[in-house]
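Residue numbers for the sequence shown follow UniProt numbering, so the first one is 1 and each next one is one higher. Every residue gets a Cβ at the ideal spot worked out from N, C-alpha and C, and that includes glycine. Quantities reported herein were computed from a predicted structural model and do not represent experimental measurements. Written out below as structure tokens is the structure these notes cover.
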Amino acid sequence: MLLAEAANAQEKAGSEKNSIQNSKDKEELRNLIDAYASLGDEKKIAEQMGLLTNDAVYKVYMNGSLVVNIEGTDKLEREFTGHASQVKTYFTLNGQHTVAIKGDNATGLSFTQIKMVREADGKDILSDYSVKYADVYIHKNGKWLIKERTAYFVLVESRPLNK
Numbered sequence: 001m002l003l004a005e006a007a008n009a010q011e012k013a014g015s016e017k018n019s020i021q022n023s024k025d026k027e028e029l030r031n032l033i034d035a036y037a038s039l040g041d042e043k044k045i046a047e048q049m050g051l052l053t054n055d056a057v058y059k060v061y062m063n064g065s066l067v068v069n070i071e072g073t074d075k076l077e078r079e080f081t082g083h084a085s086q087v088k089t090y091f092t093l094n095g096q097h098t099v100a101i102k103g104d105n106a107t108g109l110s111f112t113q114i115k116m117v118r119e120a121d122g123k124d125i126l127s128d129y130s131v132k133y134a135d136v137y138i139h140k141n142g143k144w145l146i147k148e149r150t151a152y153f154v155l156v157e158s159r160p161l162n163k
């Protein structure tokens with residue numbers, strides 16, 4: 001009887017420890033995608049690359065077609081820097097974020113609103129994007145990193161910005 005009670009107590013303590021770690025991991029993963037968005041908005045591309053593995057893969061689908069497929073932070077940094085040079089203002093708002101964690105690996109799904117202001121023909125153009133991100137994360141050297149990020153642009157709208 002005492003052995004059974006001791007085993008149950010150990011199992012409960014282990015379960016609570018796993019639950020606490022799972023909550024910490026979920027918070028760290030949420031902070032990761034929020035930092036990714038904030039650094040992008042601030043055009044701090046080199047710092048943003050620090051949130052990805054060196055061999056990270058970034059894909060973009062628009063209207064069901066793959067339009068971007070880049071591997072490696074060196075290429076991503078060049079691509080993101082070129083894109084940022086054409087944008088006057090970014091504003092990103094992250095919504096719901098769900099994750100499944102298995103040890104040092106995780107997958108996540110997040111929903112994001114991105115607004116970009118670009119100039120065209122002397123006018124500011126606001127582009128509004130509704131994006132669903134499917135991510136793969138890895139816990140490496142004590143922190144979570146994005147290993148794969150696939151962006152599905154669900155809704156896209158552009159219009160002149162009224163001043």
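- Beta-bridge analysis with DSSP links Asn105 to Lys102, Ile138.
- For Leu145, same chain residues with a beta-carbon under 7 Å away, outside a window of 5 residues either side, are Leu51, Leu52, Thr53, Tyr137, Ile138 in chain order.
- Cα atoms of Asp124 and Ile114: separation of roughly 16 Å, rounded to the nearest angstrom.
- For Leu51, there is no enclosing beta strand (DSSP E), as DSSP gives it neither H nor E.
- Within the same chain, Cβ atoms closer than 6 Å to the Cβ of Phe80 are found at Ile45, the five residues on either side in sequence being excluded.
- Bridge pairing for Asn94: Thr112 [DSSP].
- The count of Cβ pairs closer than 8 Å, one atom from the segment 103-118 and one from the segment 71-80, stays below three, leaving the stretches out of contact.
- Non-local C-beta neighbours of Arg30 in its own chain, meaning closer than 7 Å and more than five positions away in sequence, comprise His97, ordered along the chain.
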